[in-house]
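Asker: Everything in the sequence shown is counted per UniProt numbering, starting at 1 for the first residue and increasing by one.
Glycine included, every Cβ here is placed at the ideal spot set by N, Cα and C.
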Amino acid sequence: MGSNSVNVDGYCWYGHNRRNIHIRAKNGSGGVGLLVRNDFDQQFHIEIVDDNTDGIMWVQFKDKRCNANMFYVCVVYLPPENSTRAVNVHEFMETLMTHIYTNPQGNLFYPCGDFNSRCSDFSDSIEGIYCLPERDIVDFQTNGYGNIFCDFLIVVNCCILNGRKTLTNDFTFVSTRGSSVTVVDYCILPYEMLDSFNSSSVTRAITIIQSLGEPGRYDLHKIVPDHSLLTWNMCLYFPTEDQVSKNKDKNQTVMKIKYDTKSVPEDWLNGESVVTEINRVILQLEQSEASQQNIDKMYENFVSVLKTEMSEKLQSKEIRISNAINNKARKCKKPWWNSELTMLWNGVCKAEKNWNKCRLSSKKRELRHIFIQKRKLFDRGVQGSKRQYWHSMQEELINLQGNPKEFWRKTGRIGVGSERQNTIPMEIKLNDGSICDDKDIIINKWKCDFEEMLNKNSDTSISNEIENCNSDIICDEILDGEITSSEIYDIHIVFGFYQLMVIIKYQNG
Numbered sequence: 001m002g003s004n005s006v007n008v009d010g011y012c013w014y015g016h017n018r019r020n021i022h023i024r025a026k027n028g029s030g031g032v033g034l035l036v037r038n039d040f041d042q043q044f045h046i047e048i049v050d051d052n053t054d055g056i057m058w059v060q061f062k063d064k065r066c067n068a069n070m071f072y073v074c075v076v077y078l079p080p081e082n083s084t085r086a087v088n089v090h091e092f093m094e095t096l097m098t099h100i101y102t103n104p105q106g107n108l109f110y111p112c113g114d115f116n117s118r119c120s121d122f123s124d125s126i127e128g129i130y131c132l133p134e135r136d137i138v139d140f141q142t143n144g145y146g147n148i149f150c151d152f153l154i155v156v157n158c159c160i161l162n163g164r165k166t167l168t169n170d171f172t173f174v175s176t177r178g179s180s181v182t183v184v185d186y187c188i189l190p191y192e193m194l195d196s197f198n199s200s201s202v203t204r205a206i207t208i209i210q211s212l213g214e215p216g217r218y219d220l221h222k223i224v225p226d227h228s229l230l231t232w233n234m235c236l237y238f239p240t241e242d243q244v245s246k247n248k249d250k251n252q253t254v255m256k257i258k259y260d261t262k263s264v265p266e267d268w269l270n271g272e273s274v275v276t277e278i279n280r281v282i283l284q285l286e287q288s289e290a291s292q293q294n295i296d297k298m299y300e301n302f303v304s305v306l307k308t309e310m311s312e313k314l315q316s317k318e319i320r321i322s323n324a325i326n327n328k329a330r331k332c333k334k335p336w337w338n339s340e341l342t343m344l345w346n347g348v349c350k351a352e353k354n355w356n357k358c359r360l361s362s363k364k365r366e367l368r369h370i371f372i373q374k375r376k377l378f379d380r381g382v383q384g385s386k387r388q389y390w391h392s393m394q395e396e397l398i399n400l401q402g403n404p405k406e407f408w409r410k411t412g413r414i415g416v417g418s419e420r421q422n423t424i425p426m427e428i429k430l431n432d433g434s435i436c437d438d439k440d441i442i443i444n445k446w447k448c449d450f451e452e453m454l455n456k457n458s459d460t461s462i463s464n465e466i467e468n469c470n471s472d473i474i475c476d477e478i479l480d481g482e483i484t485s486s487e488i489y490d491i492h493i494v495f496g497f498y499q500l501m502v503i504i505k506y507q508n509g
């Protein structure tokens, strides 16, 4: 309790003990914690980044070789619904949702822990939109938290790992008396990161003790935990040093000159010098050899003439362009965003600013309460708007079943957690199932696959016919000659006869 920690040989403890202790509590305060093997410290900087809420703790693992490579582990404990320590489940889920929006910032993350939610066969994704592997279900019972928990997963674009890509699946809670078996412990992760996890397994505590091979040494009625052990493998596809250096170059700020094209003067491109330069470029283009290099050079000269004219006759100013991740002006808008959410978000920002600037303790408490209320309203608005948007998309796809072309065009625009995806991974899956990110191997694999696809049904006879097709060409001077004015003079043949007559008369004098 308090600041006490757990000591285990070979592991380092990161914990967050419960702050609100019941006045009659005889045992420890409880809380959440994470044991990290000591050798992880050699590769990662590990720190707790958020533990402001009882039952929720975020731990960051940052690569020591590159600060841009990191992932987050969130440990969660939601007290049972009928417990003396029960909390408002809606507020708890809203707080966790806010953390998911703000803490990972597009990096890999997974919350795990005891959610005390029995989901049965409830869906954790929008059917028809996301194609996830079917979940192996062992507990078909549900409780009051189950439906709320699944709705929460749909809102934050996350799914349950339990029962997917499993080696063994079992109940996560087994009563020591054997009177109750349930599934309440979960590992959840974003849809788009499901491929990074595999070999999930659930093992009962009694099975682990029996595997030690020392029967009779332990009193199984006293020391056996009632919760099972959940394990899985996670693959970290961190970019290489070359990719990181390229990203750093991309994130550098660039200064550009912006010209005021709305106020173009009357003598624009009418000066004697600029006309002479343009005519010189045209003459060089006509006299030069028709090659791509010469065309590019002439184009550069023409652009240089225009830039010189713009610098002399148009007003300009320098603007700063940044490709960084936090450049809000260059972020893609969320399709479910609306003006109401903008007003709610502005209210949250204003309330937070007033709370942080206040120095009076009595008023600061009131301003913090206002900020929390506005934040809750915003989170609920996001949840409703997002759900409404996806349902409207689903209804639109259903209505387009009779129009396959439009149906597939709409389907191609639907992404899986696209706001969390920074780049398209440069990787392929090899024949043995492993993932390779070597550029040369990837390009060679693409080359071989396209050759096989395009030349699978090649026929040498067809190639010979194509090569010899020139011998079958029929040349006729009458058919290949230019069309004369007499051929198109008939009013019944050509539309626009009167215009043609004017041209013919003008040419004939």
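Measure the C-alpha to C-alpha separation of R365 and L132 and round it to an integer number of angstroms.
Answerer: The sequence position of residue 365 within the sequence shown is 365, counting from 1. The sequence position of residue 132 within the sequence shown is 132, counting from 1. R365 and L132: Cα-Cα distance of roughly 45 Å.
Asker: The alpha helix (DSSP H) spanning R37 covers which residue range?
Answerer: Start at 1 with the first residue of the sequence shown, and residue 37 comes out as number 37. Looking at the DSSP string, R37 is not in any alpha helix (DSSP H); the run it does join, the beta strand (DSSP E), is G31 to R37.
Asker: Provide the residue(s) that pair with P111 in DSSP beta bridges, ordered along the chain.
Answerer: Taking the sequence shown and counting its residues from 1, the one referred to as residue 111 is at position 111. Answer is C74.
Asker: So is C159 buried or exposed if we call it buried at 16+ other beta carbons inside 10 Å?
Answerer: As a first step, residue 159 must be located in the sequence shown, where it is residue number 159. C159 is buried by the Cβ-count criterion.
Asker: Assuming S196 contacts Y237 under a Cβ cut-off of 8 Å, what Cβ separation, rounded to an integer in Å, is found between them?
Answerer: For this step, residue 196 is matched to residue 196 along the sequence shown. For this step, residue 237 is matched to residue 237 along the sequence shown. Indeed, because the Cβ distance is near 7 Å, the residues count as touching under 8 Å.
Asker: Looking at the structure shown, is M426 part of a helix, part of a strand, or coil, going by DSSP?
Answerer: Walking along the sequence shown from the start, residue 426 turns up at place 426. Reduced to three states, the DSSP call for M426 is coil.
Asker: For V32, which residues from the same chain have a beta carbon less than 8 Å from its beta carbon, with the 5 sequence-adjacent residues on both sides left out?
Answerer: Your numbering for residue 32 matches position 32 in the sequence shown. Cβ within range, chain order: G15, H16, G55, I56, M57, V75, V76, Y77 and G113.
Asker: Which residues share a DSSP beta bridge with C187?
Answerer: The sequence position of residue 187 within the sequence shown is 187, counting from 1. C112.
Asker: Nearest to L194 by CA position, among I206, T166 and M70, is which residue?
Answerer: Against the sequence shown, residue 194 aligns to sequence position 194. Checking every option, the nearest Cα to that of L194 belongs to T166.
Asker: When you compare only the Cα positions, how much space is there between residue 557 and E406?
Answerer: Past the edges of the chain, shown from 1 to 509, lies residue 557, and the structure says nothing about it.
Asker: DSSP state of Y237, grouped into three classes?
Answerer: Residue numbering aside, residue 237 sits at position 237 when the sequence shown is read from its first letter. Y237: coil per DSSP, three-state reduction.
Asker: To the nearest angstrom, report how far apart N7 and D139 are at their CA atoms.
Answerer: Here the question's residue 7 lines up with position 7 in the sequence shown. Here the question's residue 139 lines up with position 139 in the sequence shown. Distance between the alpha carbons of N7 and D139 is about 34 Å.
Asker: To the nearest angstrom, report how far apart G163 and L400 are at their CA atoms.
Answerer: Taking the first residue of the sequence shown as 1, we reach residue 163 at position 163. Taking the first residue of the sequence shown as 1, we reach residue 400 at position 400. If you take the alpha carbons of G163 and L400, they lie about 34 Å apart.
Asker: Please go through the same chain and pick out, in chain order, the residues whose beta-carbon is closer than 6 Å to the beta-carbon of V348, but skip the five residues on each side of it.
Answerer: To locate residue 348, count along the sequence shown from 1; it is residue 348. Excluding positions up to five away in sequence, the list reads K374, R375 and F378.
Asker: What residue does the beta strand (DSSP E) around N169 start on, and which one ends it?
Answerer: The residue labelled residue 169 in the question sits at position 169 within the sequence shown. Counting along the chain, N169 falls outside any beta strand (DSSP E), and DSSP gives it neither H nor E.
Asker: Assuming Y145 contacts S117 under a Cβ cut-off of 8 Å, what Cβ separation, rounded to an integer in Å, is found between them?
Answerer: Indexing the sequence shown from 1 puts residue 145 at position 145. Indexing the sequence shown from 1 puts residue 117 at position 117. Indeed, because the Cβ distance is near 4 Å, the residues count as touching under 8 Å.
Asker: With T203 and T168 assumed to form a contact (beta carbons below 8 Å), what rounded beta-carbon distance in angstroms separates them?
Answerer: Here residue 203 refers to the residue found at position 203 of the sequence shown. Here residue 168 refers to the residue found at position 168 of the sequence shown. 7 Å between Cβ atoms; contact.
Asker: To the nearest angstrom, how far is it from the Cα of T342 to the Cα of D260?
Answerer: Here residue 342 corresponds to residue number 342 of the sequence shown, with the count starting at 1. Here residue 260 corresponds to residue number 260 of the sequence shown, with the count starting at 1. When rounded, the distance between both Cα atoms is 31 Å.
Asker: Quick check: does the Cβ of V89 come within less than 7 Å of any heavy atom belonging to the ligand ATP?
Answerer: You won't find the ligand ATP in this model; it holds no ligand whatsoever.
Asker: Give the DSSP bridge partners of M57, in chain order.
Answerer: On the sequence shown, position 57 is the one that residue 57 refers to. According to DSSP, M57 bridges with V75.
Asker: Which residues bound the beta strand (DSSP E) around Y259?
Answerer: Looking up residue 259 in the sequence shown gives position 259. V254 to Y259 is the span of the beta strand (DSSP E), which, as asked, contains Y259.
Asker: In three-state DSSP terms, what is V348?
Answerer: The residue given as residue 348 occupies position 348 in the sequence shown. The answer is helix: DSSP assigns V348 an H, G or I state.
Asker: Does the structure place the region 35-48 close enough to the region 79-98 that three or more beta carbon pairs sit under 8 Å?
Answerer: Judged by Cβ distances under 8 Å, the region 79-98 makes no contact with the region 35-48, as fewer than three pairs qualify.
Asker: Can you give the Cα-Cα distance for P335 and G381, rounded to whole angstroms?
Answerer: Counted from its first residue, the sequence shown places residue 335 at position 335. Counted from its first residue, the sequence shown places residue 381 at position 381. Distance between the alpha carbons of P335 and G381 is about 14 Å.
Asker: Spatial neighbours of N38 within its chain, please: CB distance less than 7 Å, with the 5 preceding and 5 following residues excluded, ordered by chain position.
Answerer: Taking the sequence shown and counting its residues from 1, the one referred to as residue 38 is at position 38. Hits under 7 Å: G10, Y11 and C12.
Asker: For G146, report the span of its alpha helix (DSSP H) as first-last.
Answerer: Position 146 of the sequence shown, counted from the first residue, corresponds to residue 146. Counting along the chain, the alpha helix (DSSP H) containing G146 begins and ends at G144 to V155.
Asker: Could you tell me the alpha carbon to alpha carbon distance between W337 and S385, rounded to whole angstroms?
Answerer: Position 337 of the sequence shown, counted from the start, is the residue given in the question as residue 337. Position 385 of the sequence shown, counted from the start, is the residue given in the question as residue 385. Between W337 and S385, the C-alpha separation is close to 7 Å.
Asker: CB-CB under 6 Å to Q111, same chain, minus the five flanking residues each way: which ones, in chain order?
Answerer: For the purposes of this step, residue 111 is identified with residue 111 of the sequence shown, where counting begins at 1. Before going on, a small fix: residue 111 reads as Pro here, not Gln. Excluding residues within five positions, the ones whose Cβ falls inside 6 Å are C74, V76 and I188.
Asker: Label A351 either buried or exposed according to how many other C-beta atoms from any shown protein chain fall within 10 Å of its C-beta, with 16 as the threshold for buried.
Answerer: By 1-based counting over the sequence shown, the position of residue 351 is 351. Buried.
Asker: Is it true that the region 353-369 meets the region 300-312, where meeting means three or more beta-carbon pairs spaced less than 8 Å apart?
Answerer: No, the region 353-369 does not touch the region 300-312.
Asker: Over the uninterrupted alpha helix (DSSP H) stretch that includes F197, give me the two end residues.
Answerer: If you number the sequence shown from 1, residue 197 lands on position 197. Note, F197: premise wrong, no alpha helix (DSSP H); beta strand (DSSP E) at F197 to T203.
Asker: Identify which residue in N88, F122 and Y72 has its Cα closest to the Cα of G106.
Answerer: Mapped onto the sequence shown, residue 106 falls at position 106. For the residues N88, F122 and Y72, the minimum Cα distance to G106 belongs to Y72.
Asker: In or out: T95 buried (at least 16 other Cβ within 10 Å) or exposed?
Answerer: Locating residue 95 in the sequence shown gives position 95, counting from the first residue. Buried, by the Cβ-count rule.
Asker: Rounded to whole angstroms, what is the Cα-Cα separation between K317 and Y299?
Answerer: Taking the sequence shown and counting its residues from 1, the one referred to as residue 317 is at position 317. Taking the sequence shown and counting its residues from 1, the one referred to as residue 299 is at position 299. In a straight line, the C-alpha of K317 is about 25 Å away from that of Y299.
Asker: Using the Cα positions of E427 and K439, report the straight-line distance between them to the nearest angstrom.
Answerer: Here residue 427 refers to the residue found at position 427 of the sequence shown. Here residue 439 refers to the residue found at position 439 of the sequence shown. Straight-line Cα distance between these residues: approximately 8 Å.
Asker: Buried or exposed for R65, going by 16 or more other Cβ atoms inside 10 Å?
Answerer: For the purposes of this step, residue 65 is taken as the residue at position 65 of the sequence shown. R65 should be labelled exposed.
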